[in-house]
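Notes follow the structure.
Numbering (my numbering), first residue to last: 63 to 298.
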């Protein structure tokens, strides 16, 4: 595993012919959630049963929250929890978070560096993440001109709703693995169902993986993700 800077983001890269990102295999980029350390999702590369040539990239979010936690943009968790308790959390999806544009730019810069230095091809690149990482991954996929191979939305939700809705049809046919816990106390399951329906209405090819659990990544979602990654490898 290598630690390096891609654009402005510190990242860890592993897999491939030398276990340091070498070779020409597909690129899987997984973005961690709010408050997690940059290493949070790194163990997944050993849990996913995918071909040897697949390369994994785990970037650190740019904001340091202290005590090892990081964020793509700031979230007032107390305010979000209050909305959840009051039944008004749905308003969350209409907001444009402060710092979203900067986070998007940082991820796009990372993608530029991967294409330049690691010969990454958009059509065999999967971009995804967990929770806030899933939100920024979706936002980047919708805004970028790149034709990504796939998107993974693990316990994520919609933000900037009207804007995303307008951008989705341009990603018609994009393969998406989406998972969400029915008892998620942070991001309601009903909002995940709405995102699934919006993806489907816009023509994206969504595999929705609900599970009986909370704000986490279910084993079935990892199995579906591994299958999709393996299919990208088969055409790389």
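Glycine is no exception: its CB is placed at the ideal position from the N, C-alpha and C atoms. Quick caveat: nothing in here was measured; it's all calculated off a predicted structure.
Residues bridged to residue 271 by DSSP?
To locate residue 271, count along the chain shown from 1; it is residue 209. DSSP, once it has assigned bridges, lists 241 as partnering residue 271.
Continuous beta strand (DSSP E) stretch holding residue 279: start and end:
To locate residue 279, count along the chain shown from 1; it is residue 217. Boundaries for residue 279: no beta strand (DSSP E) harbours it, and the DSSP string shows neither H nor E there.
Identified DSSP bridge partners for residue 96
As a first step, residue 96 must be located in the chain shown, where it is residue number 34. Partner residues in a beta bridge of residue 96, as assigned by DSSP, do not exist.
Assign residue 88 to one of three DSSP states: helix, strand, or coil.
Counting from 1 along the chain shown, the entry for residue 88 is found at position 26. Coil, per DSSP.
Taking all protein chains shown into account, decide if residue 281 is buried (16 or more other Cβ within 10 angstroms of its Cβ) or exposed.
In the chain shown, counting from the first residue as 1, residue 281 sits at position 219. Residue 281 is exposed by the Cβ-count criterion.
In angstroms with no decimal places, state the Cα-to-Cα distance between residue 278 and residue 255.
Mapped onto the chain shown, residue 278 falls at position 216. Mapped onto the chain shown, residue 255 falls at position 193. Taking the straight line joining both Cα atoms gives about 16 Å.
Determine, using beta carbons only, whether residue 68 and residue 199 come nearer to each other than 7 Å.
For the purposes of this step, residue 68 is identified with residue 6 of the chain shown, where counting begins at 1. For the purposes of this step, residue 199 is identified with residue 137 of the chain shown, where counting begins at 1. Cβ distance not < 7 Å, so residue 68 and residue 199 don't count as in contact.
Quick one: Cα of residue 92 to Cα of residue 212, how far?
Working through the chain shown from its first residue, we reach residue 92 at position 30. Working through the chain shown from its first residue, we reach residue 212 at position 150. Their Cα atoms are separated by approximately 12 Å.
Using the Cα positions of residue 167 and residue 80, report the straight-line distance between them to the nearest angstrom.
In the chain shown, residue 167 corresponds to position 105, counting from 1. In the chain shown, residue 80 corresponds to position 18, counting from 1. Cα to Cα, the separation comes out at about 29 Å.
Along the beta strand (DSSP E) that carries residue 128, what are the first and last residues, could you check?
Here residue 128 corresponds to residue number 66 of the chain shown, with the count starting at 1. Looking at the DSSP string, the run of the beta strand (DSSP E) that includes residue 128 is 125-128.
Pair within 7 Å by beta-carbon distance, residue 73 and residue 121
Working through the chain shown from its first residue, we reach residue 73 at position 11. Working through the chain shown from its first residue, we reach residue 121 at position 59. Yes, the pair counts as a contact, with Cβ atoms nearer than the cut-off.
The segment 236-247 contacting the segment 262-270, beta-carbon criterion three pairs below 8 Å:
yes
Would the beta-carbon of residue 162 fall within 7 Å of that of residue 135?
Taking the chain shown and counting its residues from 1, one reaches residue 162 at position 100. Taking the chain shown and counting its residues from 1, one reaches residue 135 at position 73. Yes, the pair counts as a contact, with Cβ atoms nearer than the cut-off.
Close-in-space but distant-in-sequence residues of the same chain around residue 235 (CB under 8 Å, 5 per side omitted)
What you label residue 235 is simply residue 173 of the chain shown in a count that begins at 1. The residues are 265, 266, 267.
In angstroms, rounded to a whole number, what distance separates the CA positions of residue 287 and residue 247?
Residue 287 sits at position 225 when you count from the first residue of the chain shown. Residue 247 sits at position 185 when you count from the first residue of the chain shown. Approximately 23 Å, taken between the alpha carbons.
Taking 8 Å as the limit between beta carbons, can you name the residues of its chain near residue 229, skipping five residues before and five after?
Against the chain shown, residue 229 aligns to sequence position 167. Closer than 8 Å at Cβ, skipping near neighbours: 204, 205.
Using a threshold of 7 Å, state whether the C-beta atoms of residue 220 and residue 257 are closer than that.
Against the chain shown, residue 220 aligns to sequence position 158. Against the chain shown, residue 257 aligns to sequence position 195. Going by C-beta atoms, residue 220 is nearer than 7 Å to residue 257.
Once you ignore the five residues that flank residue 66 on each side, which residues in its own chain have a CB closer than 7 Å to its CB?
The count along the chain shown starts at 1 and reaches residue 66 at position 4. Only 73, 75 meet the Cβ criterion.
To the nearest angstrom, how far is the alpha carbon of residue 188 from that of residue 218?
Here residue 188 is taken as the residue at index 126 of the chain shown, counted from 1. Here residue 218 is taken as the residue at index 156 of the chain shown, counted from 1. Those two C-alpha atoms are separated by around 16 Å.
Own chain, CB closer than 7 Å to residue 115, minus 5 neighbours either side, in chain order:
The residue labelled residue 115 in the question sits at position 53 within the chain shown. So the list reads 78, 79, 85, 87, 295, once near-sequence residues are dropped.
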